[in-house]
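Reading the sequence shown from the start, the letters are residues 615 to 795 in this note's numbering.
In this text, a Cβ means the ideal position worked out from N, Cα and C, and glycines have one as well.
Below you'll find the structure, written out as structure tokens, and then a few comments.
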Amino acid sequence: MNLPNLISMGRLLSVPVIVWLILIGRMTEAFWLFLAAGISDALDGYLAKRMNAETTFGRHLDPLADKALLVCVYITLGHSGDLATWLVIMVVFRDALIVGGAILFQSLTRSLTMDPYVISKVNTLFQIILATVVLADLGLNFHIGWLVDALTYAVAATTFASGAVYVVEWSRRAATMEEQE
């Protein structure tokens, strides 16, 4: 267990605390903890590369921590009415599609590699920014609903694009496998 993996693990373990803080209405604390978790997403990757500490475990743990954080926070903010329900469904469906596709691909080929596409990294960044802005709006009384609206559509567009890229790529790989059999 190296430092980048410990940071990813910390992000994963922060998820239930952030959800609990949102549910009990402690939005200021939820904002600060979520902000720290979002920053840790960039920090663990940077440190892994900088310290030459990239591991197979870390390549799986990092996206798992991201998905757990974002899906749980989006569901919680959607449940409380602070994020649009249609967006929450879209984000959760995309992640379920990616995770389900990864499990299916691994079980069929035993050769899954965890290399996210650029659009997925952009999507994750927009999702983190949107959740941070929503929590800042709620916890710090920023009154920036216009920014929430703009980011909602940015998240929707990148979520759709990212999901489509995965579906097309995995369909292509599956067709290639079928041809080789």
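CB of residue i within 8 Å of CB of residue j, strictly
i: G672; j: A656; result: no
i: F648; j: I632; result: yes
i: L765; j: I743; result: yes
i: G777; j: R708; result: yes
i: A644; j: L749; result: yes
i: I621; j: D658; result: yes
i: L691; j: A745; result: yes
i: G715; j: W784; result: yes
i: T669; j: N619; result: yes
Cβ separation of residue i and residue j, assumed to be a contact under 8 Å, to the nearest whole Å
i: F740; j: V779; result: That belief does not hold up - the Cβ atoms of F740 and V779 are roughly 15 Å apart, past 8 Å.
i: A667; j: N737; result: The Cβ separation is near 26 Å, so there is no contact.
i: V781; j: V762; result: Between V762 and V781 the Cβ distance is about 28 Å, and since that is not below 8 Å, they are no contact.
i: Y688; j: V706; result: 7 Å
Of the listed residues the options, nearest to residue i (C-alpha basis)
i: L752; options: I621, P630 and W646; result: W646
i: H556; options: D696, Q794, R664 and I621; result: Coverage of the chain is limited to positions 615 through 795, which leaves residue 556 absent and any answer about it impossible.
i: A771; options: T790, S654 and I733; result: I733
i: R625; options: L635, D676 and M641; result: D676
i: A679; options: E793, T773, P630 and L754; result: P630
i: S694; options: A789, A682, L635 and L754; result: L635
Where the alpha helix (DSSP H) containing residue i begins and where it ends
i: I638; result: From DSSP, I638 is part of no alpha helix (DSSP H); its letter is neither H nor E.
i: M704; result: T699 to T723
i: P730; result: Per DSSP, P730 belongs to no alpha helix (DSSP H) and is neither H nor E.
i: A667; result: Where A667 is concerned, there is no enclosing alpha helix (DSSP H), given that its DSSP letter is neither H nor E.
i: M791; result: G759 to Q794
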